[in-house]
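What follows is a short report on a single structure.
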Amino acid sequence: MADLPETEQIQLSEASLSLKEKHAELETQASQWGEDGGENDLVALAKEMCIMMLDMSDFTQGAGPLQTTADVIVTAKDIARAGGQLNVIAQEIANECPDQSCKRDILAYLDQVQLCSHQLKITSAVKADLNASVRETVESA
183 MADLPETEQI
193 QLSEASLSLK
203 EKHAELETQA
213 SQWGEDGGEN
223 DLVALAKEMC
233 IMMLDMSDFT
243 QGAGPLQTTA
253 DVIVTAKDIA
263 RAGGQLNVIA
273 QEIANECPDQ
283 SCKRDILAYL
293 DQVQLCSHQL
303 KITSAVKADL
313 NASVRETVES
323 A
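All letters in the sequence shown, in the order written, are residues 183 to 323 by our numbering.
Dropping the structure here:
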């Protein structure tokens with residue numbers, strides 16, 4: 183992060199703080215479902231995804247469990263996978279929802295989750311291919 187211009191460092195720090203605030207909000211909301219979301223798979227998945235995003239955010243600050251760009255790529259793929267699982271569960275909930283307004287809201291949020299998951303999957307695949315190409319070029323040189 184030290185290589186970035188100061189304005190970008192500030193933006194990253196602000197985004198990281200915002201993500202940590204959202205994590206705190208999620209923890210507060212999830213606590214009503216019991217420890218670790220209880221038996222609620224949707225809450226457990228959301229918490230898992232949030233922790234993975236925090237790990238990626240920490241990486242940009244030079245901290246956290248992720249040590250390499252490859253770790254970040256794997257984590258992005260894991261978030262995309264979890265987004266797919268979240269979509270399946272939430273789709274079942276939407277299908278059972280008797281309130282049409284609520285059902286539309288759930289489906290609209292699902293569209294956003296699907297879009298973000300798809301973007302993460304594509305971006306991480308491209309980045310992984312680029313890293314592999316660079317390694318291949320270096321090894322053949």
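Cβ coordinates follow ideal geometry from the N, Cα and C atoms, glycine included. Predicted model only: the values in this text are computed from it and were never measured.
Buried versus exposed, by CB contacts within 10 Å (16 or more), residue i
i: L199; result: exposed
i: T257; result: buried
i: S283; result: exposed
i: E190; result: exposed
i: S315; result: exposed
i: A197; result: exposed
Cβ-based neighbour list, residue i, same chain, cut-off 7 Å, excluding 5 preceding and 5 following
i: A264; result: L227, E230, M231
i: F241; result: L248, V254
i: G246; result: D237, D240
i: K309; result: I255
Cβ shell of residue i (< 6 Å), same chain only, five flanking positions each side left out
i: R317; result: none
i: I261; result: M231, M234, L302
i: K285; result: A276, C279
Check whether residue i and residue j have beta carbons under 8 Å apart
i: L268; j: V295; result: yes
i: L224; j: A290; result: no
i: C298; j: I288; result: no
i: A307; j: L292; result: no
Best match in the options for proximity to residue i [C-alpha to C-alpha]
i: S195; options: K309, L236, A307, S315; result: L236
i: I304; options: I192, K259, E188; result: K259
i: H300; options: E274, D281, G266, S322; result: G266
Cut-off 8 Å between Cβ atoms - residues of its own chain near residue i, not counting five sequence neighbours on either side
i: V270; result: none
i: V320; result: none
i: K204; result: C232
Within the segment 243-309, ranges of the alpha helix (DSSP H) (whole runs, at least 4 residues): The segment 243-309 contains, as complete alpha helix (DSSP H) runs of 4+ residues, the segments 251-278 (chain order).
May I have a chain-ordered list of the beta strand (DSSP E) segments no shorter than 3 residues that lie completely inside the segment 183-229? Listed in chain order, nothing qualifies, since the segment 183-229 has no complete beta strand (DSSP E) run of 3 or more residues.
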